[in-house]
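*Asks:* Residue numbers (full-length UniProt numbering): 1 to 279.
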Amino acid sequence: MKTGNSTEKKRPLDRLDMSPSLDRETYEKKLARVQKRLQRIQHAYLFSGNSAVVVFEGWDAAGKGGAIRRIAAVLDPRSFKVWPISAPRKYYLQRHFLTRFIERLPPNGAISVFDRSWYGRVLVERVENLTPASRWKAAYREINDFERMLTDDGTRIVKLFFHVTPDEQLRRFERRLVDPMKRWKLTYDDFRNRGRWQDYEAAINDMLERTSTRHAPWTLIAANDKKHARITALTQIASRLGRGVDLSPPTIDPRVIEAARSEFGLSDDMIDALAGRAR
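#1: Determine the burial state of D225: buried for a count of at least 16 other Cβ atoms within 10 Å of its Cβ, exposed for fewer.
#2: Got a sec? Which residues, its chain only, sit under 8 Å from T99 by beta carbon, not counting five neighbours each side?
#3: Would you list, in sequence order, the uninterrupted alpha helix (DSSP H) runs of no fewer than 4 residues that lie entirely inside the region 158-214?
#4: When the Cα atoms are used, what is the spatial distance from G154 to L123?
#5: If you count every other CB in all the chains shown that lies within 10 Å of the CB of I102, and 16 or more means buried, which is it?
#6: According to DSSP, S51 sits in a beta bridge with which residue or residues?
#7: Along the chain, where does the alpha helix (DSSP H) containing S262 start, and where does it finish?
#8: Which residues in the same chain as R24 place their Cβ atom closer than 8 Å to its Cβ, once the five residues preceding and following it in sequence are excluded?
#9: Using beta-carbon positions only, say whether F56 and D152 come within less than 7 Å of one another.
#10: Which of the three DSSP states is assigned to S6 in this structure?
#11: Please classify F162: is it buried, with 16 or more other beta-carbons within 10 angstroms of its beta-carbon, or exposed?
#12: When you compare only the Cα positions, how much space is there between T26 and F97?
#13: If I157 sits next to A233, beta carbons under 8 Å apart, how far is it from one beta carbon to the other, in whole angstroms?
#14: Use the C-beta contact count for D60: other C-beta atoms within 10 angstroms, 16 or more gives buried, fewer gives exposed.
#15: Using CA coordinates, which residue listed in T165, V34, F80, A72 is at the minimum distance from N50?
#16: Which same chain residues end up closer than 8 Å to I237 when comparing Cβ atoms and leaving out the 5 residues on each side of it in sequence?
#17: Excluding the 5 residues preceding and the 5 following L150 in the sequence, name in chain order all residues of the same chain whose CB lies nearer than 7 Å to its CB.
#18: State buried or exposed for R279, treating a residue as buried only when at least 16 other CB atoms are found within 10 Å of its CB.
#19: Check L220 in the structure and name its three-state DSSP category.
#20: Does the separation of the CB atoms of I68 and V113 fall below 7 Å?
#21: Can A62 and V127 be called in contact, C-beta distance under 7 Å?
#22: Expressed to the nearest angstrom, what Euclidean distance is found between the alpha-carbon atoms of R15 and N108?
#23: Nearest CA to the CA of F191: which residue from I231, L75, E174?
Structure (structure tokens):
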């Protein structure tokens, strides 16, 4: 062991500032603003044919579901899909671990959210010894190649990890236990996993270090304060999905304009405004 002034390099979770928070008024204003931007992005994707994948990972009770609901509440489900991921069925256990995710990728013009994802291979499957070490170690490269394939094909990827402290997680477990409407969220595995916190922490840090790439970087979310976490997550999604994308409304089919002129008796000025031409 080195001594003296040398210090060990901090790992990703250790470097995250967990103190940020938001008051209710600021949160509501920022939420409305970013939700409106997400709506414009969805419209732009629908008409441009762009596609996107958003990955939510994080500790149990870290607030992933709450953030996802704030997205789903304002987007059109016809081109937006949330995939909650649980343990694979027998069918998928007999196939490559990426198979079930490839089947759920969005078509052109759509956005898909994965509530947990292919990263289970290097997290729960690693920690719980559900797959041989040789396989989860190989998965880092397989995942990077998979994500590179998606981005090379034009799909944008946003990856978010929601981090909470052990004490905050325990407080949320307690609130779930005493609230009859939230009790269903709490399972025995939630408590069992807490007993392996250090093992999961090591797996998470390895995942962040080995799969955060230029084309698909990770964003760490300080999630002790739910309001701050939601705004940070939605803002990051809007930033990455909206970068370089024309968010202006699509032009109207000239035939629609002429039909409207006839049916509604629109003036030339109104027709020009609809057509996007300034007099």
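Glycine residues also receive a C-beta, built at the ideal position from the N, C-alpha and C atoms.
Every value quoted in this text rests on a predicted model; they were computed, and no experiment measured them.
*Replies:* According to the data block:
#1: Here the question's residue 225 lines up with position 225 in the sequence shown. Buried is the call here.
#2: On the sequence shown, residue 99 is found 99 positions in, with the first residue counted as 1. So the qualifying residues of the chain are Y92.
#3: 166-178, 188-194, 197-211
#4: The residue labelled residue 154 in the question sits at position 154 within the sequence shown. The residue labelled residue 123 in the question sits at position 123 within the sequence shown. Rounded to whole angstroms, G154 to L123 spans 27 Å at the Cα level.
#5: By 1-based counting over the sequence shown, the position of residue 102 is 102. The residue in question, I102, is exposed, as its Cβ has fewer than 16 Cβ neighbours within 10 Å.
#6: Residue numbering aside, residue 51 sits at position 51 when the sequence shown is read from its first letter. In the DSSP output, where bridge partners are listed per residue, S51 has T155.
#7: Here residue 262 corresponds to residue number 262 of the sequence shown, with the count starting at 1. Run containing S262: 254-264, per the alpha helix (DSSP H) assignment.
#8: For the purposes of this step, residue 24 is identified with residue 24 of the sequence shown, where counting begins at 1. K227.
#9: Against the sequence shown, residue 56 aligns to sequence position 56. Against the sequence shown, residue 152 aligns to sequence position 152. Not in contact: F56 and D152 (Cβ atoms no closer than 7 Å).
#10: Position 6 of the sequence shown holds residue 6. Here the model assigns S6 a pLDDT of 45, short of 50, so the residue's position is not dependable, and the following value carries that caveat. The answer is coil: DSSP assigns S6 none of H, G, I, E or B.
#11: As a working note, residue 162 is residue 162 in the sequence shown. Buried, since its Cβ has 16 or more Cβ neighbours within 10 Å.
#12: Within the sequence shown, numbered from 1, the residue matching residue 26 stands at position 26. Within the sequence shown, numbered from 1, the residue matching residue 97 stands at position 97. So the alpha carbons of these two residues sit roughly 42 Å apart.
#13: Numbered from 1 along the sequence shown, position 157 holds the residue referred to as residue 157. Numbered from 1 along the sequence shown, position 233 holds the residue referred to as residue 233. Not quite, the Cβ-Cβ distance comes to about 15 Å (not below 8 Å), so this is no contact.
#14: Working through the sequence shown from its first residue, we reach residue 60 at position 60. Looking at its Cβ environment, which holds 16 or more other Cβ atoms inside 10 Å, D60 is buried.
#15: Position 50 of the sequence shown, counting from 1, holds the residue named residue 50. Residue F80 is the option with its Cα nearest to N50.
#16: Residue numbering aside, residue 237 sits at position 237 when the sequence shown is read from its first letter. Excluding sequence neighbours, I237 sits near L38, V54, I71, V158, L160.
#17: Along the sequence shown, one-based indexing puts residue 150 at 150. Only V53, I157 meet the Cβ criterion.
#18: Residue numbering aside, residue 279 sits at position 279 when the sequence shown is read from its first letter. With a pLDDT of only 40 at R279, under the threshold of 50, the placement of this residue in the model should not be trusted, and no figure is reported.
#19: To locate residue 220, count along the sequence shown from 1; it is residue 220. The answer is strand: DSSP assigns L220 an E or B state.
#20: Residue 68 sits at position 68 when you count from the first residue of the sequence shown. Residue 113 sits at position 113 when you count from the first residue of the sequence shown. Going by C-beta atoms, I68 is nearer than 7 Å to V113.
#21: Taking the sequence shown and counting its residues from 1, the one referred to as residue 62 is at position 62. Taking the sequence shown and counting its residues from 1, the one referred to as residue 127 is at position 127. No, Cβ-Cβ distance for A62 and V127 is not below 7 Å.
#22: The residue given as residue 15 occupies position 15 in the sequence shown. The residue given as residue 108 occupies position 108 in the sequence shown. If I take the Cα positions, the gap works out to 37 Å.
#23: Residue 191 sits at position 191 when you count from the first residue of the sequence shown. In this structure, E174 is the residue among I231, L75, E174 with its C-alpha nearest to the C-alpha of F191.
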